[in-house]
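Student:
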Amino acid sequence: MKPAPFEYHAPDSLDEALFILHNSAGDAKILAGGQSLVPAMNFRVVQPSVLIDLNRMPELGYVRKENEKLHIGAMTRERHLEFDLPIVKWAPLLHEAAPHIAHPQIRNRGTIGGSIVNADPAAELPVLMLASQARLKARNSSAERWIDARDFFIGMFTTALEPDEILVEIEVPLMPPRTGWSFLEVAPRAGDYAMMGVAVLVTLDEAGTCQAAKLVYLNAGDGPVDAQEAAQLLQGEAVSEELIDSASERASGTEINPFGNIHASVEYQRHLAKVLTKKALKIAIERAAEER
Amino acid sequence: MTQTIPVTVTVNEKVYQRQVEPRMLFSDFLRHELGLTGTHVGCEHGVCGACTILFEGESARSCLMFAVQADGHQITTVEGLAPSDDNLHPIQQAFWEAHGLQCGYCTPGILMTLVPFLKQNPDPTEDEIRHALSGNLCRCTGYQHIVDAVKLAAEKMK
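First to last, the protein sequences are chains A and B.
FYI, the numbering for the first sequence is 1 to 292, going by our numbering.
FYI, the numbering for the second sequence is 1001 to 1158, going by our numbering.
#1: For residue 52(A), write down the residues that DSSP places opposite it in a beta bridge.
#2: Using three-state DSSP, classify residue 132(A) as helix, strand or coil.
#3: Which same chain residues, not among the five before or five after residue 199(A), have their C-beta less than 7 Å away from its C-beta?
#4: So within the stretch 161-243 of chain A, which uninterrupted beta strand (DSSP E) runs reach at least 3 residues, ignoring any that extend past its ends?
#5: What residues of chain A sit near residue 1024(B), judged by a beta carbon separation below 7 Å?
#6: Could one say the Cβ of residue 1037(B) lies closer than 8 Å to chain A's Cβ atoms, at least one of them?
#7: What first and last residue would you give for the alpha helix (DSSP H) that runs through residue 152(A)?
#8: For residue 1126(B) and residue 1145(B), what's the separation of their Cα atoms in angstroms?
#9: Tell me the start and end of each unbroken alpha helix (DSSP H) in the stretch 1025-1105 of chain B that is at least 4 residues and wholly inside, in chain order.
#10: Which residue from 1105(B), 1017(B), 1112(B), 1005(B) puts its Cα closest to that of residue 1082(B)?
#11: Tell me which same chain residues have a C-beta within less than 6 Å of the C-beta of residue 1089(B), skipping the five on either side of it?
#12: Under the three-state reduction of DSSP, which class applies to residue 70(A): helix, strand or coil?
#13: Tell me whether residue 143(A) sits in a helix, a strand or coil according to DSSP, three-state version.
#14: What does residue 1060(B) touch in chain A if you count any residue whose Cβ is under 7 Å from its own?
#15: Just list the residues that DSSP pairs residue 261(A) with in beta bridges.
#16: Excluding the 5 residues preceding and the 5 following residue 1037(B) in the sequence, name in chain order all residues of the same chain whose CB lies nearer than 6 Å to its CB.
#17: So which residues of chain B does residue 53(A) contact, with C-beta pairs closer than 7 Å?
#18: At the level of alpha carbons, what is the spacing between residue 18(A) and residue 143(A)?
#19: So, using beta-carbon positions, are residue 233(A) and residue 247(A) closer together than 8 Å?
#20: Give a yes or no on whether 8 Å exceeds the smallest Cβ distance from residue 298(A) to chain B.
#21: Restricting to Cα atoms, I'd like to know which of 136(A), 265(A), 278(A) is closest to residue 172(A).
#22: Between which two residues does the beta strand (DSSP E) containing residue 1020(B) stretch?
#23: Is DSSP giving residue 137(A) helix, strand or coil here?
#24: Residues bridged to residue 270(A) by DSSP?
#25: Return the CA-CA distance between residue 1086(B) and residue 36(A), expressed in angstroms with no decimal places.
#26: Spatial neighbours of residue 1002(B) within its chain, please: C-beta separation below 8 Å, excluding the five flanking residues on both sides.
#27: Is the stretch 187-194 of chain A close to the stretch 144-153 of chain A, with three or more CB pairs under 8 Å?
#28: Can you tell which of 71(A), 86(A), 207(A), 11(A) has its C-alpha closest to the C-alpha of residue 32(A)?
#29: Mind checking if residue 34(A) is an interface residue toward chain B, Cβ cutoff 8 Å exclusive?
#30: Does the stretch 1098-1118 of chain B come within contact of the stretch 1146-1154 of chain B, defined as at least 3 CB pairs closer than 8 Å?
#31: If you compare alpha carbons, which of 1155(B), 1044(B), 1152(B) is closest to residue 1137(B)?
#32: Whole-angstrom Cβ separation of residue 74(A) and residue 169(A), contact assumed at under 8 Å?
#33: Can you tell which of 286(A), 266(A), 279(A), 103(A) has the C-alpha that lies nearest to the C-alpha of residue 79(A)?
#34: Counting only beta-carbon atoms, is residue 1003(B) nearer than 8 Å to chain A?
#35: Taking residue 1065(B) as the query, report the chain A residues whose CB atoms sit under 8 Å from its CB, ordered along the chain.
#36: Using Cβ-Cβ distances below 8 Å, what residues of the stretch 4-24 of chain A are close to chain B?
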């Protein structure tokens, strides 16, 4: 058999899962969709002694809108990003990025919370969390706390979650009026890890001046990379071709820190970032203006 | 003492009961425990698509699940597609007629990917077909005849 032996638990409730985790923290792994964890176990790169499978408890699979926020249960399958109406309507950035997350066969099993906690720098969901300024709710057996997405991703495959905590919910604020969005990435083949990708949000005022901007990159460092200087360049300025060019130059030239790999050199990744940022900003600005 | 867990699973409308170690992959369970060797195993890390099955009607990689996770669930494998020994499923018939396979190793996974795809998208464009096939690797055909077979299957199923 491929994976090393482990003790298996499939609790019926979150409380039971948290109790088991509390008693085995450090040696246990949470099994969500398993689309990254199981391959790692098949290679024996990861050998947990206890596996806690969350697939038997229905309570963490939901999407609902409450008070200008979208609440997404951590075990909601990635496939819902494509078809779930509240997401299509209220989180168009997530919806636009969904088809880029691996393949339908993977999205049918893979979960939104699982991808966030895995914190792969090349994954889409951590970038989307940062761009949307989402909050993440973690629970352990005695308490719960909210963590801002910007404090959650602390390094490659590393998050602010404690060993006894489970991510239970994602809270995505709805976009302010006159906000445009865009998600673009370039991958060797559909469904592959992207060589570079960017999520952009732009809010305009009634005169067409940029009130706020967010540009977040994948595969551009050891986590999702928030290009704050480029966003600063845009903020308070009337949008123009030159402004888009200089923001794209700043983000791709100095703010991101791609490592390069066999598919793309660092120079090529920076080139892609520049081209994608220009395109994404134009799309987002156009969409924001349509809403005026 | 190795932990084993009872699994009751419905595969192609037949109920099976086995006692397995939790670390047994569902792909290995289908092949070694149930003798259903139509589901092929290629990369065993979710890339090649050869082990694709239907889990509650939706395509999934059987190598990225444990057999214990299938307990109580409805599964369809390639063996469940043809209505009888003498009749192929229209997608299988189309692959036969359009030469959509050479060695055949990737074929079961591709067929299981296409069943829900053509249900959701009965009249796909070539671009959509190629996109749908992106999660299944074929090293023989160069994909052209597979794409032709999918077009033919869509025609047949209208």
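Quick reminder that beta carbons are idealized off the backbone N, C-alpha and C, glycines included.
Tutor: The structure says:
#1: 9(A), 30(A)
#2: coil
#3: 93, 97, 127, 128, 131, 183, 216
#4: 166-173, 179-186, 196-204, 210-218
#5: 1
#6: no
#7: 149-152
#8: 12 Å
#9: 1090-1097
#10: 1112(B)
#11: 1081, 1082
#12: strand
#13: coil
#14: 105, 108, 109
#15: 264(A)
#16: 1031
#17: 1069
#18: 10 Å
#19: yes
#20: Examination of residue 298(A) is not possible in this model, given that chain A is present from 1 through 292 alone.
#21: 136(A)
#22: 1014-1020
#23: strand
#24: Beta-bridge pairing links residue 270(A) to no other residue.
#25: 40 Å
#26: 1021
#27: no
#28: 11(A)
#29: yes
#30: yes
#31: 1044(B)
#32: 6 Å
#33: 103(A)
#34: yes
#35: 34, 38, 109
#36: 4, 5, 6, 7, 8, 10
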